[in-house]
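Comments concern the structure below.
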Amino acid sequence: LLSTIRIFVSIDRLLLSSQNIHTRLYSSKRSSVILIILMAFKNIHQRHHINE
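In the UniProt record's numbering, the protein residues as written are 1 to 52.
Right, dumping it as structure tokens:
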């Protein structure tokens, strides 16, 4: 989980530091929340299949 968070933070920093305004718009609080929710569902799904 920690490595996944680090990857998303790195991507977010790359988007935020871009000189292109359209690229910077992808780095927003809303995008971060959506990514965190998707990551949580992915982890729950993986753990469910491991426990079966």
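No residue lacks a Cβ here, since even glycine has one placed at the ideal position from N, Cα and C.
Item	Value
Cβ pair Leu35, Arg24 closer than 8 Å	no
First and last residue of the uninterrupted alpha helix (DSSP H) at Leu25	Element bounds for Leu25: n/a, residue is neither H nor E.
Alpha-carbon spacing of Arg6 relative to Gln19, whole angstroms	22 Å
Member of Met39, Ile44 and Val33 whose CA lies at the smallest distance from the CA of Thr4	Met39
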